[in-house]
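Below is one structure; the comments refer to it alone.
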Amino acid sequence: MSHRRLRALLAAGLASGALIAAQASVLAAHRPAKPLPVFVVANWEDYGSNAPWVVSYFEKTYHCIIKPVYYDSEEQALNILRTGGVGKVDVILPNLEYVQPAAQENLLQPIDISKLSNYKYLYPTLKNEPYDRWHGKVYGVPWMWGTTGLAYNTKAIKKPLNSWAALWNPAYKGKIGFYSDPTTAIMIAAMYLGENPYHPDLAKVKAALLRQKALDRLYWTSANDWQHAFQSGSIELGSLWSGLAGTDIGAGWPLAYVIPKEGAVGWVDNWAIVRNAPHPQLAYDWINYMISLQFQERYAYDLAQEPPAPSNSLVAAHLPARIKNIIGLHPQWLPHLILQRAMPASQLQQWTDLFQAVQSQ
Amino acid sequence: MALAPRRLGRAFIPALLMAPTGLLLLVMIVGPLVAVAAYSLFDQAPPGAHFTWAQWETALSFQQVYLGLVLRSLGLAALVTVLTIAAAYPMAYALALVLRRNQMTWLALVMVPFLTSSLLLIYSFIVLFQPGGPVMAPLAALHLVARGATIVYTPYAMILVLLYEYVPYMVLTLYTSLEQVDRSLLDAARSLGAGRRTLFVRILLPLSAPGLAVGAVLVFPPVAGAFVEPEILGGPSAFFIGNAIQNQIVQVYDWPLAACLSLLLLFAVLACLGLLQAAVAAARALGARRSRTTGGATPTVAEAAS
Numbered sequence: 001m002s003h004r005r006l007r008a009l010l011a012a013g014l015a016s017g018a019l020i021a022a023q024a025s026v027l028a029a030h031r032p033a034k035p036l037p038v039f040v041v042a043n044w045e046d047y048g049s050n051a052p053w054v055v056s057y058f059e060k061t062y063h064c065i066i067k068p069v070y071y072d073s074e075e076q077a078l079n080i081l082r083t084g085g086v087g088k089v090d091v092i093l094p095n096l097e098y099v100q101p102a103a104q105e106n107l108l109q110p111i112d113i114s115k116l117s118n119y120k121y122l123y124p125t126l127k128n129e130p131y132d133r134w135h136g137k138v139y140g141v142p143w144m145w146g147t148t149g150l151a152y153n154t155k156a157i158k159k160p161l162n163s164w165a166a167l168w169n170p171a172y173k174g175k176i177g178f179y180s181d182p183t184t185a186i187m188i189a190a191m192y193l194g195e196n197p198y199h200p201d202l203a204k205v206k207a208a209l210l211r212q213k214a215l216d217r218l219y220w221t222s223a224n225d226w227q228h229a230f231q232s233g234s235i236e237l238g239s240l241w242s243g244l245a246g247t248d249i250g251a252g253w254p255l256a257y258v259i260p261k262e263g264a265v266g267w268v269d270n271w272a273i274v275r276n277a278p279h280p281q282l283a284y285d286w287i288n289y290m291i292s293l294q295f296q297e298r299y300a301y302d303l304a305q306e307p308p309a310p311s312n313s314l315v316a317a318h319l320p321a322r323i324k325n326i327i328g329l330h331p332q333w334l335p336h337l338i339l340q341r342a343m344p345a346s347q348l349q350q351w352t353d354l355f356q357a358v359q360s361q
Numbered sequence: 362m363a364l365a366p367r368r369l370g371r372a373f374i375p376a377l378l379m380a381p382t383g384l385l386l387l388v389m390i391v392g393p394l395v396a397v398a399a400y401s402l403f404d405q406a407p408p409g410a411h412f413t414w415a416q417w418e419t420a421l422s423f424q425q426v427y428l429g430l431v432l433r434s435l436g437l438a439a440l441v442t443v444l445t446i447a448a449a450y451p452m453a454y455a456l457a458l459v460l461r462r463n464q465m466t467w468l469a470l471v472m473v474p475f476l477t478s479s480l481l482l483i484y485s486f487i488v489l490f491q492p493g494g495p496v497m498a499p500l501a502a503l504h505l506v507a508r509g510a511t512i513v514y515t516p517y518a519m520i521l522v523l524l525y526e527y528v529p530y531m532v533l534t535l536y537t538s539l540e541q542v543d544r545s546l547l548d549a550a551r552s553l554g555a556g557r558r559t560l561f562v563r564i565l566l567p568l569s570a571p572g573l574a575v576g577a578v579l580v581f582p583p584v585a586g587a588f589v590e591p592e593i594l595g596g597p598s599a600f601f602i603g604n605a606i607q608n609q610i611v612q613v614y615d616w617p618l619a620a621c622l623s624l625l626l627l628f629a630v631l632a633c634l635g636l637l638q639a640a641v642a643a644a645r646a647l648g649a650r651r652s653r654t655t656g657g658a659t660p661t662v663a664e665a666a667s
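Okay, here's the thing in structure tokens:
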């Protein structure tokens, strides 16, 4: 893994060097009268938009210079826009949980999907998602998605698991690593109980989470913690991100990752256009490129960046099974996902208080 | 006339000597503390912030988990402090009063945990103690523990790592105060018939009390605020006020409440340290009075030594 990553990094380094040289020669040959527009892309670092092959392609094709702005939390992303980013940043990548709040705060502008020729190829579950819209207008274009499902060690657990009930099964006491996140935990408990995952009976959920916690070896929060515990055999099953599961499966670990019959938690990252974006046309070009088969197929192979599952339904047919397993691209999962959506501040407060009470006991 | 400039110099030179560190402390400690206090009284980060007591009401409410978590953290800090004293005292005693040479080598070895990042310590602990690891595998082979058993992800693991991280502070402070104990005091006490227990209780303990107090001041506060060790090592039940503060900052983004909880913890820790200081002072006063009225060993020995 690290070897491959090193090689990928080296290749990326060489490529970017060559590209800079090529770009310089192109610029020198053209000598444009006007300076190129500076297109500002806000995103997490190393999440597709700053890959050298992406930057060079887009800059050359659309005659601009990409200026990246990085954030490392969704809250920080919104803060960039709140504190002067509106009118300067062109596009940003809010999670589905943040599209509506950002639209409501008047940080984004509605998107005319007729200007996006690739929009029609998006998976219906993703493009019909109501929380990408605000007052009937589209504000977010689905780009990448992933899930939090059930993972188990196939060497230790021979019988295939297909239900969240496994995490409540006393037979696995002391072998479970549970993902410590309020929203995910409450949704999983609700699915297990057969409650509405968006509006469960919180008293029942709390009782269930307390029973579940008594069986846990570990409440994990970072990929590192999960991997250590799994590799050492300290845990044999638990709730896990599809991206991490794919990485581990790709590395040959005896790990199975399933979407339980009750459903799994899903997340979607969406491209959005910032209100008063200085370059609206480039913003449409960018988003159309980001959701194109061309970009999403190639990005799936960019394993150093740990790409999630792409939103364009054409991509799956072009990828080998190995890559699809690593990036977690299983379109049959999509209808079974409970997507993490925006929720009112009061509800979020209730949920985080509830989970904190569970953690504190 | 000659006195005035000298007096001025006497006031000026200490100020000059203290200025660099003082300035640093002012900027790096007082400044952020003021910012935290300000955060705790507003409903959000500026601009557009409004004054409110809401988060203090939340932090201090008996309906919420926070007061309980503060108590739990203080309990952990007290436990780890006592354990570091128990672990450090024999070693500091040996280094200061028994070993005749190579003290510096041993002290350097005690310092090793200082030189390593605490995250590295935590992860190496996991590797050492994981099932099938270098510690658990031989125990399992001898059938002393079940195969696959480990103390990683239990409160024991968390306490052990905290102990390992903080024991050097206690060894060093105890060593410094024990090293200053005049050996002839001990010889004198022995020659006057004091047993080991009397020697320890009447001489060593009072004379090393300042070292103990300084050690406690260095160990207690950081353990009360510990959140990394519980989160990574402590298993699902290890949740302390530090974890709640971290949650509020990175998960809930409620910085005002996080600021409140940090101050709450700070006040609680300061109160504990105040109590400790009062207890040490009271014990010393009591000891001094008792030895005056009964003509006890300590002053006699002290007189003998002088």
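These protein sequences, in sequence, are chains A and B. Be aware that the first sequence starts at 1, since it is given in the numbering used here, and climbs by one per residue. Be aware that the second sequence starts at 362, since it is given in the numbering used here, and climbs by one per residue. Note that beta-carbon positions come from the ideal geometry of N, C-alpha and C, so glycine has one too.
With a cut-off of 8 Å on the beta carbons, I'd call Trp333(A) and Thr147(A) a contact; round off their distance for me. 6 Å
Please list the partners that His228(A) has in chain B, where partner means a Cβ-to-Cβ separation under 7 Å. Here the neighbours are Ile487.
Nearest-angstrom Cα distance between Ile259(A) and Pro597(B)? 24 Å
Please decide whether Leu430(B) counts as near chain A, where near means a Cβ-Cβ distance under 7 Å. Residue contact check for Leu430(B) against chain A: a CB pair falls below 7 Å.
Name the residues in the stretch 194 to 222 of chain A whose C-beta lies less than 7 Å from a C-beta of chain B; which are they? Lys213, Asp216, Arg217, Leu218, Tyr219, Thr221
Considering only C-alpha positions, which residue in the set Pro571(B), Glu526(B), Phe561(B), Val578(B) is nearest to Thr477(B)? Glu526(B)
Closest Cα partner of Asp181(A) within the set Thr221(A), Leu96(A), Asn162(A): Thr221(A)
Looking at chain B, is there any beta carbon in it that lies within less than 7 Å of the beta carbon of Glu75(A)? Nearest CB-CB separation between Glu75(A) and chain B: below the 7 Å threshold.
So if DSSP puts Asn43(A) in a beta bridge, which residue, or which two residues, is it bridged to? Tyr70(A)
Can you find at least 3 beta carbon pairs, one from the stretch 83 to 100 of chain A and one from the stretch 271 to 287 of chain A, that sit closer than 8 Å? yes
Determine whether the Cβ of Tyr614(B) lies closer than 7 Å to any Cβ atom of chain A. Judged by the 7 Å Cβ criterion, Tyr614(B) is in contact with chain A.
Contained alpha helix (DSSP H) runs [length at least 4] in the stretch 404 to 492 of chain B, N- to C-terminal order: 415 to 421, 427 to 454, 464 to 471, 473 to 476, 479 to 490
Whose Cβ in chain A lies nearer than 8 Å to the Cβ of Phe403(B)? Within 8 Å Cβ-Cβ: nothing; Phe403(B) doesn't reach chain A, min ~16 Å.
Where His63(A) and Ile249(A) are concerned, what is the direct C-alpha to C-alpha distance, given to the nearest angstrom? Cα to Cα, the separation comes out at about 40 Å.
Exposure label - Gly556(B); buried when at least 16 CB within 10 Å: With fewer than 16 other Cβ atoms within 10 Å, it is exposed.
Please state whether the Cβ-Cβ distance between Gly509(B) and Gly233(A) is less than 7 Å. In this structure, Gly509(B) places its C-beta atom within 7 Å of the C-beta atom of Gly233(A).
Opposite Gly149(A) in the DSSP bridges: which residues? Leu240(A)
In chain order, what are the residue ranges of uninterrupted alpha helix (DSSP H) at least 4 long that sit wholly in the stretch 204 to 240 of chain A? 223 to 231
Which whole runs of the beta strand (DSSP E) in the stretch 249 to 324 of chain A are 3 residues long or more, in chain order? 255 to 258, 264 to 274
Can you give the Cα-Cα distance for Thr518(B) and Gly595(B), rounded to whole angstroms? Residue identity differs from the one stated: residue 518(B) is Ala in this sequence, not Thr. Computed Cα separation, rounded: 6 Å.
The stretch 303 to 317 of chain A touching the stretch 65 to 75 of chain A, judged by at least three CB pairs closer than 8 Å: no
Run through DSSP, which three-state label would Asn162(A) get? DSSP places Asn162(A) in the coil class of the three-state scheme, outside both helix and strand.
Please confirm whether Ala357(A) has its beta-carbon closer than 7 Å to some beta-carbon of chain B. yes
Are the stretch 157 to 170 of chain A and the stretch 338 to 354 of chain A touching by the rule of at least three beta carbon pairs closer than 8 Å? Counting Cβ pairs under 8 Å, fewer than three are found: no touch.
Cross-chain neighbours of Thr184(A) in chain B, by beta carbon under 7 Å: Within chain B, no residue comes near Thr184(A); the closest Cβ sits about 11 Å away, beyond 7 Å.
So does the stretch 565 to 585 of chain B actually touch the stretch 523 to 537 of chain B, counting three or more Cβ pairs closer than 8 Å? yes
Range of the contiguous alpha helix (DSSP H) that encloses Phe178(A): That residue, Phe178(A), is in no alpha helix (DSSP H); its beta strand (DSSP E) goes 176 to 179.
Against chain A, which members of the stretch 469 to 496 of chain B pass a CB distance test of less than 9 Å? Tyr484, Ile487, Val488, Gln491, Pro492, Gly493, Gly494
Under 8 Å: do the stretch 93 to 107 of chain A and the stretch 327 to 346 of chain A share three or more Cβ pairs, one atom per stretch? yes
Closer than 7 Å at the beta carbon, the chain A residues around Ser605(B): Here residue 605(B) is Ala; the residue named in the question, Ser, does not match the sequence. Correct list: Gln356.
Give me whichever residues DSSP pairs with Asn118(A) in a beta bridge. Asn118(A) is not bridged to any residue.
For Leu524(B), does the count of other Cβ atoms within 10 angstroms reach 16, so buried, or fall short, so exposed? By the neighbour-count rule (16 or more Cβ atoms within 10 Å), Leu524(B) is buried.
Identity of the residue in Asp46(A), Leu218(A), Pro35(A), Asn50(A) nearest Trp286(A) by Cα: Taking the Cα of Trp286(A) as reference, the smallest distance to any Cα among Asp46(A), Leu218(A), Pro35(A), Asn50(A) is reached at Asn50(A).
7 Å Cβ shell around Val40(A) - same chain, five flanking residues per side excluded: Excluding residues within five positions, the ones whose Cβ falls inside 7 Å are Lys67, Val69, Lys88, Val89, Asp90.
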